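Q:
2 protein chains.
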Amino acid sequence: MNDKSASKSAGHDLDGNATRERILLEAARLFRQHGYAATTLREVADAAGVKAGSIYYHFESKEQILGEVLDKGIKIVYETVRARIDALPKDAPWRDRIAAGIEGHLWGMLHHGDFTSANMRIYGQIPESAKAKHRVVRREYADYWDQLLQSALAAGELRADASTTIIRLFVIGALNWTVEWYNPERGSFQDFARQITAIIFDGILVHEKSLGTQ
Amino acid sequence: MNDKSASKSAGHDLDGNATRERILLEAARLFRQHGYAATTLREVADAAGVKAGSIYYHFESKEQILGEVLDKGIKIVYETVRARIDALPKDAPWRDRIAAGIEGHLWGMLHHGDFTSANMRIYGQIPESAKAKHRVVRREYADYWDQLLQSALAAGELRADASTTIIRLFVIGALNWTVEWYNPERGSFQDFARQITAIIFDGILVHEKSLGTQ
DNA sequence: GTCTATAAACTGATAGAC
DNA sequence: GTCTATCAGTTTATAGAC
Numbered sequence: 001m002n003d004k005s006a007s008k009s010a011g012h013d014l015d016g017n018a019t020r021e022r023i024l025l026e027a028a029r030l031f032r033q034h035g036y037a038a039t040t041l042r043e044v045a046d047a048a049g050v051k052a053g054s055i056y057y058h059f060e061s062k063e064q065i066l067g068e069v070l071d072k073g074i075k076i077v078y079e080t081v082r083a084r085i086d087a088l089p090k091d092a093p094w095r096d097r098i099a100a101g102i103e104g105h106l107w108g109m110l111h112h113g114d115f116t117s118a119n120m121r122i123y124g125q126i127p128e129s130a131k132a133k134h135r136v137v138r139r140e141y142a143d144y145w146d147q148l149l150q151s152a153l154a155a156g157e158l159r160a161d162a163s164t165t166i167i168r169l170f171v172i173g174a175l176n177w178t179v180e181w182y183n184p185e186r187g188s189f190q191d192f193a194r195q196i197t198a199i200i201f202d203g204i205l206v207h208e209k210s211l212g213t214q
Numbered sequence: 001m002n003d004k005s006a007s008k009s010a011g012h013d014l015d016g017n018a019t020r021e022r023i024l025l026e027a028a029r030l031f032r033q034h035g036y037a038a039t040t041l042r043e044v045a046d047a048a049g050v051k052a053g054s055i056y057y058h059f060e061s062k063e064q065i066l067g068e069v070l071d072k073g074i075k076i077v078y079e080t081v082r083a084r085i086d087a088l089p090k091d092a093p094w095r096d097r098i099a100a101g102i103e104g105h106l107w108g109m110l111h112h113g114d115f116t117s118a119n120m121r122i123y124g125q126i127p128e129s130a131k132a133k134h135r136v137v138r139r140e141y142a143d144y145w146d147q148l149l150q151s152a153l154a155a156g157e158l159r160a161d162a163s164t165t166i167i168r169l170f171v172i173g174a175l176n177w178t179v180e181w182y183n184p185e186r187g188s189f190q191d192f193a194r195q196i197t198a199i200i201f202d203g204i205l206v207h208e209k210s211l212g213t214q
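Sequences listed follow chains X and U, in order. Quick note: the first sequence uses full-length UniProt numbering, first residue 1, plus one each step. Quick note: the second sequence uses full-length UniProt numbering, first residue 1, plus one each step.
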């Protein structure tokens, strides 16, 4: 809570932790843009305003940077989704919880696009060692949605002629991909989230009488 | 129609065109697995059973291989979709045409996963020069779906409270992503396509009376 | 905490033998 | 049509000055 600009006495450093964060942010942006292997540490260093050698003061290796970028991509989304759903009344219907989850997933994703898009684009392209570490947090988030959907199914609010696993994979996959084509110039985020939720809930066809969102 | 194993008289070649196809196939597989920049031509050559230098007899550059892999990814899907829709009766309702399009898109994609997944994964990560060339065939396929959806909208079969552009981007994006998680061991392809189509048409919630698919 | 300099390995692409 | 050999440039990571 006190003065954060209290600089060290030695050399020409200002704030080591800020540099670390800048490296992570620029790494996410470049991983998203060019892929993991294609991104050189020199590029990351240039973008973060330091020299390549300096990166190794903050990180042990390129793969450690990758690990932090990947985890951050999921965690941002996961935390936003939980916050949205926890804010609902205890007796809220499952459809409202799912709607809150969709809105939270979209919000977290589209407001931290470099981390989430990097995660989505490069996860399939990284060494198995990096995948293995990251799988834990991925599995957690998937389980969270599975429980949500199974509860909705048990309450009779979810369609029963498709497996909840396929529903989860389809919905999360569709949401994830929006970060690749979402264009804020086409309208407000709220309106965008409303349209996506309507399509996921009621489909793309016209129905005589919809009991989904209205 | 005659003997295809008629080999040339010189050196130790068997069939030049088959080698070319093998290089393309292995390149697609490796681009999908590790990304474009991360894949070395030595790896491609090894996988295709030739030496690195030999690639340059069949292709001018790494970027030319990329171009052919990308185009093939879209064209396979586009041609399957058109074949499915053209096979319908002239007076088929738009919902049937869209269903045929979805089934064709899934089929083309899941049966040529290396080309379509490579396309999807690396398109956002390649040099602008490669993107520009590839954009033409992408735009064509997008236009095809836009016309399909706008016709369905004009006929009153498509929901009108979301733009056809958003519907197209959402549906195609969701379909594309299935190649990342589709597991043939979970059931037949026909059953998979049926579930996906049902979700896209009628949504994930339960409706009192659905007029979509039955 | 950041720098410069450098090691050791790998990259796309070319030249020319067979 | 495929090979070997090689060029010029780039890569991650380390060592040590400041």
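C-beta: ideal position from N, C-alpha, C; glycine also. None of the values given here were measured: they were computed from a predicted structure.
Is it buried or exposed, residue 222 of chain X, if we count other Cβ atoms within 10 angstroms and call 16 or more buried?
A: As displayed, chain X neither begins before 1 nor continues past 214, which places residue 222 of chain X out of reach and without an answer.
Q: Evaluate X/H207 with the Cβ neighbour count: other Cβ atoms within 10 Å of its Cβ, from every protein chain shown; 16 or more gives buried, anything less gives exposed.
A: Here the question's residue 207 of chain X lines up with position 207 in the first sequence. Flag for X/H207 reads buried.
Q: Which parts of the segment 115-185 of chain X are runs of the alpha helix (DSSP H), unbroken and 4 residues or longer, counting only runs that do not cross its ends?
A: 128-154, 164-178
Q: Given a cut-off of 8 Å, decide if X/L70 and X/T178 are closer than it, judged by their beta-carbon atoms.
A: Here residue 178 of chain X refers to the residue found at position 178 when the first sequence is read from its first residue. Here residue 70 of chain X refers to the residue found at position 70 when the first sequence is read from its first residue. It is not a contact, given that the beta carbons lie outside the stated cut-off.
Q: Can you list, in chain order, the residues of its chain with a C-beta nearer than 7 Å to that of U/S151? Leave out the 5 residues immediately preceding and following it.
A: Your numbering for residue 151 of chain U matches position 151 in the second sequence. So the qualifying residues of the chain are W94.
Q: Name the one or two DSSP bridge partners that residue 249 of chain X has.
A: Absent from the structure is residue 249 of chain X, since the part of chain X shown begins at 1 and ends at 214.
Q: Run down chain X in chain order and give the residues with a C-beta less than 7 Å from the C-beta of U/L158.
A: Indexing the second sequence from 1 puts residue 158 of chain U at position 158. Correct list: I204, L205, V206.
Q: Could you work out which residues of chain U lie near X/L169, taking near to mean beta carbons separated by less than 7 Å?
A: Here residue 169 of chain X refers to the residue found at position 169 of the first sequence. By Cβ distance, chain U contributes W181.
Q: Which residues in chain X sit within 9 Å of U/I65, going by Cβ to Cβ distance?
A: Start at 1 with the first residue of the second sequence, and residue 65 of chain U comes out as number 65. Neighbours of U/I65 on chain X: none; closest Cβ ~16 Å, over 9 Å.
Q: Where do the N-terminal and C-terminal ends of the alpha helix (DSSP H) with X/K62 fall, by residue?
A: Reading the first sequence from its first residue, position 62 is the one you call residue 62 of chain X. Element bounds for X/K62: 62-86.
Q: Cα separation between X/L24 and X/V77?
A: Stepping through the first sequence from its first residue, residue 24 of chain X is reached at position 24. Stepping through the first sequence from its first residue, residue 77 of chain X is reached at position 77. The alpha-carbon of X/L24 is positioned some 17 Å away from that of X/V77.
Q: Give the range of the alpha helix (DSSP H) segment to which U/A100 is assigned.
A: As a first step, residue 100 of chain U must be located in the second sequence, where it is residue number 100. Element bounds for U/A100: 94-110.
Q: Output the distance between the C-alpha atoms of X/A27 and U/G156, rounded to the nearest integer angstrom.
A: In the first sequence, the residue the question calls residue 27 of chain X occupies position 27. In the second sequence, the residue the question calls residue 156 of chain U occupies position 156. Going from the Cα of X/A27 to the Cα of U/G156 covers about 47 Å.
Q: Reducing DSSP to helix, strand and coil, say where X/N17 ends up.
A: Here residue 17 of chain X refers to the residue found at position 17 of the first sequence. Residue state for X/N17 is assigned as helix, using DSSP reduced to three classes.
Q: Are the beta-carbon atoms of residue 293 of chain U and U/F189 separated by less than 8 Å?
A: Beyond the ends of chain U as shown, which are 1 and 214, falls residue 293 of chain U; an answer cannot be given.
Q: If you measure beta-carbon to beta-carbon, which residues of the segment 106-120 of chain X are closer than 7 Å to chain U?
A: none
Q: Do you know offhand how far U/R186's Cα is from U/L158's?
A: Stepping through the second sequence from its first residue, residue 186 of chain U is reached at position 186. Stepping through the second sequence from its first residue, residue 158 of chain U is reached at position 158. Distance between the alpha carbons of U/R186 and U/L158: 31 Å.
Q: Would you please verify whether the beta carbon of U/R95 is less than 8 Å from any beta carbon of chain X?
A: Taking the second sequence and counting its residues from 1, the one referred to as residue 95 of chain U is at position 95. Yes, U/R95 lies at the interface with chain X (some Cβ there is under 8 Å from its Cβ).
Q: Have a look at U/A118 and X/K90 and give me their C-alpha separation to the nearest angstrom.
A: Taking the second sequence and counting its residues from 1, the one referred to as residue 118 of chain U is at position 118. Taking the first sequence and counting its residues from 1, the one referred to as residue 90 of chain X is at position 90. Approximately 44 Å, taken between the alpha carbons.
Q: I'd like to know whether the C-beta of X/A47 is nearer than 8 Å to at least one C-beta of chain U.
A: Against the first sequence, residue 47 of chain X aligns to sequence position 47. No, X/A47 does not count as interfacial toward chain U.
Q: Please report the distance separating the alpha-carbon of X/F115 from that of U/L175.
A: Here residue 115 of chain X is taken as the residue at index 115 of the first sequence, counted from 1. Here residue 175 of chain U is taken as the residue at index 175 of the second sequence, counted from 1. Approximately 23 Å between the Cα atoms of the pair.
Q: Any C-beta of chain X sitting closer than 8 Å to the C-beta of U/G101?
A: Counted from its first residue, the second sequence places residue 101 of chain U at position 101. So no, U/G101 is outside the interface.
Q: Just the C-alpha distance for X/R22 and X/A48, rounded to the nearest angstrom, thanks.
A: As a first step, residue 22 of chain X is located in the first sequence; it is residue number 22 there, counting from the start. As a first step, residue 48 of chain X is located in the first sequence; it is residue number 48 there, counting from the start. Going by the C-alpha atoms only, they are around 6 Å apart.
Q: So U/L153 and U/I98 are in contact, right, with Cβ under 8 Å, and what is the actual spacing, rounded?
A: The residue you call residue 153 of chain U lines up with position 153 of the second sequence. The residue you call residue 98 of chain U lines up with position 98 of the second sequence. Contact doesn't hold; Cβ gap of about 11 Å is too wide.
Q: Name the chain X residues that come within less than 8 Å of U/D161, Cβ to Cβ?
A: Against the second sequence, residue 161 of chain U aligns to sequence position 161. In chain order: Q195, A198.
Q: Taking 8 Å as the threshold (beta carbon to beta carbon), is X/H34 in contact with chain U?
A: Locating residue 34 of chain X in the first sequence gives position 34, where the first residue counts as 1. Cβ-Cβ to chain U under 8 Å: yes for X/H34.
Q: Residues of chain X with CB under 9 Å from U/A142, in chain order?
A: Residue mapping note: residue 142 of chain U aligns to position 142 of the second sequence, counting from 1. The contacting residues do not exist; U/A142 stays about 11 Å from chain X at best.
Q: Am I right that U/T197 and U/I65 are in contact with their C-beta atoms under 8 Å? What's the rounded C-beta distance?
A: In the second sequence, counting from the first residue as 1, residue 197 of chain U sits at position 197. In the second sequence, counting from the first residue as 1, residue 65 of chain U sits at position 65. That belief does not hold up - the Cβ atoms of U/T197 and U/I65 are roughly 35 Å apart, past 8 Å.
Q: Within the 8 Å Cβ cut-off, does X/A38 reach chain U?
A: In the first sequence, residue 38 of chain X corresponds to position 38, counting from 1. So, interface residue.
Q: How many whole angstroms separate the CB atoms of X/A162 and U/I199, which I take to be in contact at a CB cut-off of 8 Å?
A: For the purposes of this step, residue 162 of chain X is identified with residue 162 of the first sequence, where counting begins at 1. For the purposes of this step, residue 199 of chain U is identified with residue 199 of the second sequence, where counting begins at 1. The pair is a contact, with the Cβ atoms about 6 Å apart (cut-off 8 Å).
Q: By the three-class DSSP mapping on this structure, what secondary structure does U/T197 have?
A: Indexing the second sequence from 1 puts residue 197 of chain U at position 197. Residue state, collapsed to three classes: helix.
Q: Under 8 Å between C-beta atoms, does X/Q150 make it to chain U?
A: Residue mapping note: residue 150 of chain X aligns to position 150 of the first sequence, counting from 1. Judged by the 8 Å Cβ criterion, X/Q150 is not in contact with chain U.
Q: Which complete alpha helix (DSSP H) runs does the segment 19-63 of chain U hold, if anything under 4 residues is left out?
A: 41-48, 55-58
Q: Cutting at 7 Å between CB atoms, please list the residues of its own chain near U/G113, excluding the five before and the five after it.
A: Sequence index remark: in the second sequence, residue 113 of chain U carries index 113 (1-based). Within the same chain, U/G113 has close Cβ partners V179.
Q: Which whole-angstrom value is the C-beta distance of X/A83 and X/G104, which I expect to be below 8 Å?
A: On the first sequence, residue 83 of chain X is found 83 positions in, with the first residue counted as 1. On the first sequence, residue 104 of chain X is found 104 positions in, with the first residue counted as 1. With a beta-carbon spacing of about 7 Å, X/A83 and X/G104 fall inside the 8 Å limit used to define contacts.
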